[in-house]
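Just so you know, the protein sequences line up as chains D and B, in that order.
Under the working numbering, think of the first position of the first sequence as 6, with each following residue one higher.
Under the working numbering, think of the first position of the second sequence as 6, with each following residue one higher.
2 protein chains.
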Amino acid sequence: MAYKENYPSRLLEDAVDAISTLPGVGRRSALRLALHLLKQPQENVHHFTSSIDRLRDEVMYCRECMMISDAELCSICSDRSRDRKTICVVESVRDVMSIENTGQFHGVYHVLGGIISPINGIGPSDLSISRLVDRIRESEDAASMEIILALSGDVEGETTSFYIYRQISGFGVKVSSLARGLGFGDDLEYADELTLGRSIVNRQVFRP
Amino acid sequence: MAYKENYPSRLLEDAVDAISTLPGVGRRSALRLALHLLKQPQENVHHFTSSIDRLRDEVMYCRECMMISDAELCSICSDRSRDRKTICVVESVRDVMSIENTGQFHGVYHVLGGIISPINGIGPSDLSISRLVDRIRESEDAASMEIILALSGDVEGETTSFYIYRQISGFGVKVSSLARGLGFGDDLEYADELTLGRSIVNRQVFRP
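See below:
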């Protein structure tokens, strides 16, 4: 056979190569997915790929909180009933969705877009921390604001919390962090809603 | 929030809907994959989707064996060193790749494209069985041919094998099926009775 791993077709091998770049998808699973797609009606496959292309090409980020959005201002930031004095700082879009699912939080968010991680080459300037500082600086009454640091309980999360705390503590804002109902090292994404909801309600003053 | 499951963006929800149609991918995994793709460089995402589109739009099937191919004749059928008198009948493209990986088979294949399954509404006419019959009929010396029925050992596989056997036995071809027995390294204690029984009935001369 002319191809490594006995691929009968260059097109199939290219698709398997591409699909196996997804996290958690090995080459065997990628082959299974490629052959599944090959069996689907052509218009279904085109819908599948175009919905991914459109997400990547057309998605917007809220100019206030950096959340994924279909408009310049996301649906949370444009909601007049939300408490704009309470900003919950999270690592990612998924964290916002998880916290929204608890129904326990009525403030607004700030999506960092990652976490400080020297090992992965991610520093403070790669995140939207300066934008958070601007949000606080631009507010009329910083002393009445509360910033909730809702980051993971691992070393990188703690490092990021501490870095942000140093950047914003001078403005006189109240800084809190999630109650440690979450086990250390637990990922926000995998926490059950009750635990996560309690963590928001019982948030504590940040003591570095 | 305006969207079910609190999706912050219609584009994101559409992509998650599409990705979660893949077998074995739930909505939570689909969200994780969508957000992963969102973080990748735009050209990588376009390469990902276009390789899938090209597979679906441009792939060909070998006119002899119905294997996925980049040409009218697949690389196995066009290989002069393969024994064209021995045809191994398999359910899918993956089975061809599995058998090729063993390096033990030097004949050619016939890919059915599925298996007879009344419960899934798949009948003989949905498979390439008549094309297999044609291949045997068109051969100059059917009596010297061997057809290996390499289908699964479950009810659907047995049904399909039996149906094909009835279609081709009149041509005087030799029909065989895969040896069933204990796998290499299998423990006798954990083998099911049917497999163990077959292993005893079909015992082979010991060649140390």
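Just so it is clear, CB atoms sit at the ideal spot from N, CA and C, and this is done for glycine as well.
The model shown is predicted, which means the values in this text are computed figures rather than measured ones.
| task | Under 8 Å by Cβ, that's how I've got E96 (chain D) and S181 (chain D) pegged, so tell me the actual separation to the nearest angstrom. | result | Along the first sequence, one-based indexing puts residue 96 (chain D) at 91. Along the first sequence, one-based indexing puts residue 181 (chain D) at 176. Actually they do not touch by this definition, with Cβ atoms about 17 Å apart.
| Taking buried to mean at least 16 other C-beta atoms within 10 Å of its own C-beta, is V210 (chain B) buried or exposed? | As a position in the second sequence, residue 210 (chain B) is number 205, starting the count at 1. Residue environment: V210 (chain B) is assigned as exposed (fewer than 16 neighbouring CB atoms within 10 Å of its CB, all protein chains considered).
| message | Please return the same chain residues whose Cβ sits closer than 8 Å to the Cβ of R68 (chain D), not counting the five positions on each side in sequence. | response | Start at 1 with the first residue of the first sequence, and residue 68 (chain D) comes out as number 63. Correct list, in chain order: E77 and L78.
| message | I need the boundaries of the alpha helix (DSSP H) containing E163 (chain D), first residue and last residue. | response | As a first step, residue 163 (chain D) must be located in the first sequence, where it is residue number 158. V160 to I173 is the extent of the alpha helix (DSSP H) around E163 (chain D).
| request: Reducing DSSP to helix, strand and coil, say where Y8 (chain B) ends up. | output: Within the second sequence, numbered from 1, the residue matching residue 8 (chain B) stands at position 3. Note on Y8 (chain B): pLDDT 39, under 50, position unreliable in the model; no value is reported.
| message | Does E69 (chain D) come out as helix, strand or coil in the three-state DSSP assignment? | response | Looking up residue 69 (chain D) in the first sequence gives position 64. In the structure shown, E69 (chain D) sits in coil (DSSP, three-state: anything other than H, G, I, E or B).
| With DSSP run on the structure shown, which of helix, strand or coil describes L2 (chain B)? | Given a span of 6 to 213 for chain B in the structure shown, any question on residue 2 (chain B) remains unanswerable.
| Reference R203 (chain D), options D:S103, D:L36 and D:A35, closest by Cα | For this step, residue 203 (chain D) is matched to residue 198 along the first sequence. Looking at the Cα atoms, D:S103 is the closest of the given residues.
| field | C-beta neighbour in chain B for R99 (chain D), strict 9 Å | value | In the first sequence, counting from the first residue as 1, residue 99 (chain D) sits at position 94. It does; some Cβ of chain B falls within 9 Å.
| Can you name the start and end residues of the alpha helix (DSSP H) that E105 (chain D) belongs to? | Against the first sequence, residue 105 (chain D) aligns to sequence position 100. Element bounds for E105 (chain D): V98 to T107.
| said: Under DSSP, the beta strand (DSSP E) around H115 (chain D) begins and ends at which residues? | reply: Here residue 115 (chain D) refers to the residue found at position 110 when the first sequence is read from its first residue. Where H115 (chain D) is concerned, the enclosing beta strand (DSSP E) stretches over G112 to V116.
| Along chain B, in chain order, which residues have C-beta atoms closer than 7 Å to that of T54 (chain D)? | The residue you call residue 54 (chain D) lines up with position 49 of the first sequence. Those are T54, I57 and D58, listed as they occur along chain B.
| said: Determine whether the beta carbon atoms of M65 (chain B) and I73 (chain B) lie at a separation below 9 Å. | reply: By 1-based counting over the second sequence, the position of residue 65 (chain B) is 60. By 1-based counting over the second sequence, the position of residue 73 (chain B) is 68. Yes.
| query | Is DSSP giving I92 (chain D) helix, strand or coil here? | reply | Taking the first sequence and counting its residues from 1, one reaches residue 92 (chain D) at position 87. In this structure, I92 (chain D) counts as strand in the three-state DSSP scheme.
| Test item: CB-CB of I153 (chain D) and V94 (chain D) under 9 Å | Here residue 153 (chain D) corresponds to residue number 148 of the first sequence, with the count starting at 1. Here residue 94 (chain D) corresponds to residue number 89 of the first sequence, with the count starting at 1. I153 (chain D) is a Cβ neighbour of V94 (chain D), given a cutoff of 9 Å.
| message | On a Cα-Cα basis, can you pick out the residue from D:E105, D:E63 and D:L40 that is closest to D75 (chain D)? | response | Residue 75 (chain D) sits at position 70 when you count from the first residue of the first sequence. Of D:E105, D:E63 and D:L40, the residue nearest in Cα terms is D:E63.
| Straight-line Cα distance separating R99 (chain B) from N11 (chain D) | Mapped onto the first sequence, residue 11 (chain D) falls at position 6. Mapped onto the second sequence, residue 99 (chain B) falls at position 94. The straight-line gap from Cα to Cα measures roughly 10 Å.
| field | Limits of the alpha helix (DSSP H) - the one that L154 (chain B) falls within | value | Residue numbering aside, residue 154 (chain B) sits at position 149 when the second sequence is read from its first letter. For L154 (chain B), there is no enclosing alpha helix (DSSP H); the residue is found in the beta strand (DSSP E) stretching over E151 to L154.
| query | Which class does S130 (chain D) belong to by DSSP, given the choice of helix, strand or coil? | reply | Here the question's residue 130 (chain D) lines up with position 125 in the first sequence. Helix at S130 (chain D).
| message | Please report whether the beta-carbon of C93 (chain B) lies at a distance below 9 Å from any beta-carbon of chain D. | response | For this step, residue 93 (chain B) is matched to residue 88 along the second sequence. Not closer than 9 Å to any Cβ of chain D, the Cβ of C93 (chain B) fails to qualify, so no.
| R85 (chain B): buried (16+ other C-beta within 10 angstroms of its C-beta) or exposed? | Along the second sequence, one-based indexing puts residue 85 (chain B) at 80. R85 (chain B) should be labelled exposed.
| task | Mind checking who Q209 (chain D) pairs with in its DSSP beta bridge? | result | Here residue 209 (chain D) refers to the residue found at position 204 when the first sequence is read from its first residue. Residue pairing by DSSP puts Q209 (chain D) in a beta bridge opposite D:S182.
| query | Are any of the Cβ atoms in chain B nearer than 9 Å to that of Q47 (chain D)? | reply | The sequence position of residue 47 (chain D) within the first sequence is 42, counting from 1. So, interface residue.
| request: For A148 (chain B), count neighbouring Cβ atoms within 10 angstroms of its own Cβ and tell me buried if that reaches 16, exposed if not. | output: Indexing the second sequence from 1 puts residue 148 (chain B) at position 143. Exposed: under 16 other Cβ atoms inside 10 Å.
| said: Using a Cβ-Cβ cutoff of less than 7 Å, which residues in the same chain neighbour R87 (chain B) once the five nearest sequence positions on both sides are dropped? | reply: Residue numbering aside, residue 87 (chain B) sits at position 82 when the second sequence is read from its first letter. Excluding the 5 residues flanking it on each side, R87 (chain B) has same chain C-beta neighbours closer than 7 Å at I81, H111, G112 and V113, in chain order.
| query | Relative to the alpha-carbon of G119 (chain B), which residue among B:V138, B:E145, B:T107 and B:G162 has its alpha-carbon at the smallest distance? | reply | Position 114 of the second sequence holds residue 119 (chain B). Cα-wise, what sits closest to G119 (chain B) is B:G162.
| What residues from chain B crowd round E63 (chain D), counting only those whose CB sits closer than 9 Å? | Working through the first sequence from its first residue, we reach residue 63 (chain D) at position 58. Listed along chain B are L16, each with a C-beta nearer than 9 Å to that of E63 (chain D).
| request: Taking the CB atoms as reference points, tell me whether L1 (chain D) and L17 (chain D) lie closer together than 9 Å. | output: Limits of chain D in this structure are 6 at one end and 213 at the other, which puts residue 1 (chain D) out of reach.
| CB T54 (chain D) to CB T54 (chain B), shorter than 9 Å? | Here the question's residue 54 (chain D) lines up with position 49 in the first sequence. Here the question's residue 54 (chain B) lines up with position 49 in the second sequence. With contacts defined by Cβ atoms closer than 9 Å, T54 (chain D) and T54 (chain B) form a contacting pair.
| task | To the nearest angstrom, report how far apart Y8 (chain D) and L42 (chain D) are at their CA atoms. | result | Mapped onto the first sequence, residue 8 (chain D) falls at position 3. Mapped onto the first sequence, residue 42 (chain D) falls at position 37. The pLDDT assigned to Y8 (chain D) is 39, lower than 50, so where the model puts this residue is not dependable, and the model offers no usable value.
| Does DSSP put A55 (chain D) in a helix, a strand or coil? | Your numbering for residue 55 (chain D) matches position 50 in the first sequence. Position check: residue 55 (chain D) holds Ser in this sequence, whereas Ala was assumed. Annotated three-state conformation of S55 (chain D) is helix, per DSSP.
| Do we get a CB-CB distance below 9 Å when we pair N125 (chain B) with the residues of chain D? | Indexing the second sequence from 1 puts residue 125 (chain B) at position 120. For N125 (chain B), not one C-beta of chain D is nearer than 9 Å to its own C-beta.
| message | Quick check: the Cα distance between S133 (chain B) and M71 (chain B), rounded to an integer number of angstroms? | response | The sequence position of residue 133 (chain B) within the second sequence is 128, counting from 1. The sequence position of residue 71 (chain B) within the second sequence is 66, counting from 1. Distance from the CA of S133 (chain B) to the CA of M71 (chain B), rounded to the nearest whole angstrom, comes to 8 Å.
| Euclidean distance between Cα positions of V206 (chain B) and E198 (chain B) | By one-based count along the second sequence, residue 206 (chain B) stands at place 201. By one-based count along the second sequence, residue 198 (chain B) stands at place 193. Approximately 12 Å between the Cα atoms of the pair.
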